[in-house]
Amino acid sequence: MSRATPMAPAKEHWTLEEWLQTEMEPRCELERGRLIPMASPPRRHQEIVLTAAYEARRYTIVNRLGALLMEVDVALPIGKGVIPDISFVSREREAELLTPDGKVRGAPDLVVEVISPSTRTRDTVEKLRDYYESRVPWYWLIDSETLVIQELQWTPEGYVIRTVAEPGEVFRSQALAGFELDLQALLGE
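If you number the sequence shown the way numbering that gives the first Met the number 0 does, the last residue is 188 and the count never jumps.
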C-alpha cells in the first residue's frame, strides 16, 4: 500500500524553515513566502535531466568529487526555496550544506536547469538572478529544444559564460574539470 504525500497546508505566508520541513505534492518552490507549484516536466525535459545527471553522477562518484543530486530542495541564502533539476555539492562542503534528510541549505557549488518552453523565463531570468544573488559559483543551462549547453560562472560583475556546446559538440565543463558530455549522441539524435 502506498503512502499518500499530503497537500501543503493552506497558509498565506511560508517561511523557508517551514518549506524545508514539509513534504508536499505537488512539489513547490518558495518565493517571497508564497508556494509556487511545479508542473511535471515534459518527457524530453526528463530524458535530458536523467541523461545529464547519470553521466555527471558517474563522473563525480568515480572522481570522489561530492554529492550530485536530482530535484532536491535547496534553501538559498537569499531566503528562497528552489528545486533545481540537478545540484552538486563538493565533498569539502557536504557537511556544511547537506541536511540529514539530503536537502541543501545554502548555495550549491553547481546548479543545472533544463530549459523547457514553459520554464524559459523562470530559468534564464528569475532563477539566474536568484542563483547569482545567492553566489552559486556555477550554473548550467541546457536548452531542451536546441540541446545547447551553457556553463556560467559567478563573478562580482555577474554571471559570465565560460563554456558553450552547440548540438553535436562535446560539452567540456570547467566546473567539473575533466567532465565531458555529448548530449546529442547520448540521446540518440
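Cβ coordinates follow ideal geometry from the N, Cα and C atoms, glycine included.
Could you check how far apart the C-beta atoms of E95 and G105 are, in whole angstroms? I think they sit under 8 angstroms.
7 angstroms
Nearest to R134 by alpha carbon, out of F87, T59 and G157?
G157
Buried or exposed, going by whether 16 or more other CB atoms sit within 10 Å of the CB of T121?
In the sequence as presented, Thr is not what sits at residue 121; that position holds Arg. Flag for R121 reads buried.
By DSSP, does V147 sit in helix, in strand, or in coil?
coil
Distance cut-off 6 angstroms: D100 Cβ against heavy atoms of the ligand SAH
In the structure shown, the ligand SAH is absent, as is every other ligand, since no ligand is present at all.
Taking DSSP's pairing of strands, which residues face S86 in a bridge?
L68 and V110
Mind listing, in chain order, the continuous beta strand (DSSP E) runs of no fewer than 3 residues lying wholly within the region 10 to 52?
27 to 30 and 33 to 36
Hey, out of I82, A66 and V71, whose CA is closest to E93's CA?
A66
Is the separation between the beta-carbon of S89 and that of D72 shorter than 7 angstroms?
no
Minimum C-alpha distance to R57 - residue among L175, E188 and G187:
L175
Which residues share a DSSP beta bridge with G80?
L29 and A74
Is A164 helix, strand or coil when you go by DSSP?
strand
Do the CB positions of E70 and I60 come within less than 7 angstroms of each other?
no
Among the residues of its own chain, which have a CB less than 7 angstroms from the CB of L75, if the five just before and after it don't count?
V81, A106, D129 and S133
Give the DSSP-derived three-state secondary structure of L180 in the structure shown.
strand
Is L186 helix, strand or coil by DSSP?
coil
What residue does the beta strand (DSSP E) around L140 start on, and which one ends it?
W137 to D142
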